[in-house]
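A.B. asks:
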Amino acid sequence: MFGGNQSTVSEFVLLGLGHSWSMQVLLLIIFLLLYMIIVSGNIVIVTLIITDPHLHSPMYFFLANLSFIDLWLSSVTTPKMIADFLKDNKTISFAGCMCQILFVHFVGGGEMVLLVVMAYDRYVAICKPLHYSTIMSLQRCIGLVLTSWTAGFVHAMSQMAVIVQLPFCGPREIDSFFCDIPLVIKLACMDSYNLGIVMNADSGVVVVTCFILLLMSYTYILFTVHQRSKTGASKALSTCSAHITVVVIFFVPCMFIYVWPLNITWLDKFLAVFYSVFTPLLNPAIYTLRNKEMKSAMERFRNYYLDSK
Numbered sequence: 000m001f002g003g004n005q006s007t008v009s010e011f012v013l014l015g016l017g018h019s020w021s022m023q024v025l026l027l028i029i030f031l032l033l034y035m036i037i038v039s040g041n042i043v044i045v046t047l048i049i050t051d052p053h054l055h056s057p058m059y060f061f062l063a064n065l066s067f068i069d070l071w072l073s074s075v076t077t078p079k080m081i082a083d084f085l086k087d088n089k090t091i092s093f094a095g096c097m098c099q100i101l102f103v104h105f106v107g108g109g110e111m112v113l114l115v116v117m118a119y120d121r122y123v124a125i126c127k128p129l130h131y132s133t134i135m136s137l138q139r140c141i142g143l144v145l146t147s148w149t150a151g152f153v154h155a156m157s158q159m160a161v162i163v164q165l166p167f168c169g170p171r172e173i174d175s176f177f178c179d180i181p182l183v184i185k186l187a188c189m190d191s192y193n194l195g196i197v198m199n200a201d202s203g204v205v206v207v208t209c210f211i212l213l214l215m216s217y218t219y220i221l222f223t224v225h226q227r228s229k230t231g232a233s234k235a236l237s238t239c240s241a242h243i244t245v246v247v248i249f250f251v252p253c254m255f256i257y258v259w260p261l262n263i264t265w266l267d268k269f270l271a272v273f274y275s276v277f278t279p280l281l282n283p284a285i286y287t288l289r290n291k292e293m294k295s296a297m298e299r300f301r302n303y304y305l306d307s308k
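Each residue of the sequence shown is one higher than the one before, starting from 0 at the first, in numbering that gives the first Met the number 0.
Below, the structure written as structure tokens:
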């Protein structure tokens, strides 16, 4: 898949986040610590959900998958960024660049659809509680997760089918810390303006469609519960608040990167960092610090570990 363009451009140069040595050392320490927290936090969530019988429910099944996706999303770009802080020549091979694009959009697209699935799960739990166990069977939960992965893969491949065919003959500098479609398209040896619009529209359809479905789901949940009782609406809002927070911090950067690009270099870099580093970092904190069942599971796990000592 990667062979066609390597005869003209074999590697790209990533300009990264900082230029001074002191700044890069500071960023190295910060992002290394953040990445360690991301890995450990998401692994803890997945482990707790797998090992604790109290968390064997559809909601936590989806949460475990979300943590796995976040772990993968961060690992696609962050280790390379951390390693580049130690290098003067920050290069990435053509194949490596294409792989970053593929997996960022594969995992990112899958996470968007998974967040819609999680909203659907909350809708069924709150609006149709008597039928919850029947509707959200194990087979349906697995099918919904597979659907999210499939949707992400189809989206990523639709992007890659175009990108790998572009002619690259220089320049080869990417003013970011990882390869992404809007930046790579600009390096093609052709008039890429219209193509950039089409590719952004492709990503924009996924982002906007998922975001609208999420807004509709949570609006309907709150409206339905509010009709029953104000106390129920307050409880529903509390239950869904973690999901809504994750949706906002994940989708807002994506919209400004792919749907309405601002073309402001420092802001684009900040949004890319937020999307690929801070979102996977915040998800574990939001779902554990605001969730009583997750706190109880962590306490049970800690007590079990201490007793085994």
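Note that CB positions come from ideal geometry on N, CA and C, so glycine has one too.
Everything numeric in this text was worked out from a predicted model, so none of it was measured.
Exposed or buried, what is R121 when buried is set at 16 or more other beta-carbons lying within 10 Å of its beta-carbon?
C.D. replies: Per the 10 Å Cβ criterion, buried.
A.B. asks: Between which two residues does the alpha helix (DSSP H) harbouring I42 extend?
C.D. replies: Element bounds for I42: 20-50.
A.B. asks: So, using beta-carbon positions, are I100 and D51 closer together than 8 Å?
C.D. replies: Not closer than 8 Å, so no.
A.B. asks: Three Cβ pairs or more, each shorter than 8 Å: is that satisfied between the segment 261-278 and the segment 172-190?
C.D. replies: Cβ pair count under 8 Å is three or more, so yes.
A.B. asks: Could you check where the beta strand (DSSP E) with L13 kicks off and where it finishes?
C.D. replies: Note, L13: beta strand (DSSP E), 10-13.
A.B. asks: Rounded to the nearest angstrom, how far is the Cβ of E10 from that of F84, given a contact under 8 Å?
C.D. replies: In fact, because the Cβ distance is near 18 Å, the residues do not count as touching under 8 Å.
A.B. asks: Hey, out of I48, M35, G15, whose CA is closest to I272's CA?
C.D. replies: For the sequence presented, residue 272 should be read as Val rather than Ile. The residue with the shortest Cα to Cα distance from V272 is G15.
A.B. asks: Just mark S39 as buried or exposed, buried being the case when its beta carbon has 16 or more other beta carbons within 10 Å.
C.D. replies: Exposed, since its Cβ has fewer than 16 Cβ neighbours within 10 Å.
A.B. asks: Name, in chain order, the residues that DSSP records as bridge partners for I91.
C.D. replies: Beta-bridge pairing links I91 to F11.
A.B. asks: Could you tell me whether the segment 127-136 touches the segment 70-90, using the rule of 3 or more Cβ pairs below 8 Å?
C.D. replies: Because the criterion of three Cβ pairs below 8 Å is not met, the segment 127-136 and the segment 70-90 do not touch.
A.B. asks: Roughly how many angstroms lie between the CA atoms of H201 and E298, to the nearest whole one?
C.D. replies: Just to set this straight, residue 201 is Asp in the shown sequence, not His. Whole-angstrom Cα-Cα distance: 45 Å.
A.B. asks: Output needed for G2: all residues of its chain with C-beta closer than 7 Å, excluding positions within five of it in sequence on either side, in chain order.
C.D. replies: Note that G2 has pLDDT 43, beneath the 50 cutoff, so the model's placement of it is unreliable and the number below is only indicative. Excluding residues within five positions, none has a Cβ falling inside 7 Å.
A.B. asks: I'd like to confirm the pairing. Which residues does DSSP put opposite E172 in its beta bridges?
C.D. replies: BP columns for E172 point to V12.
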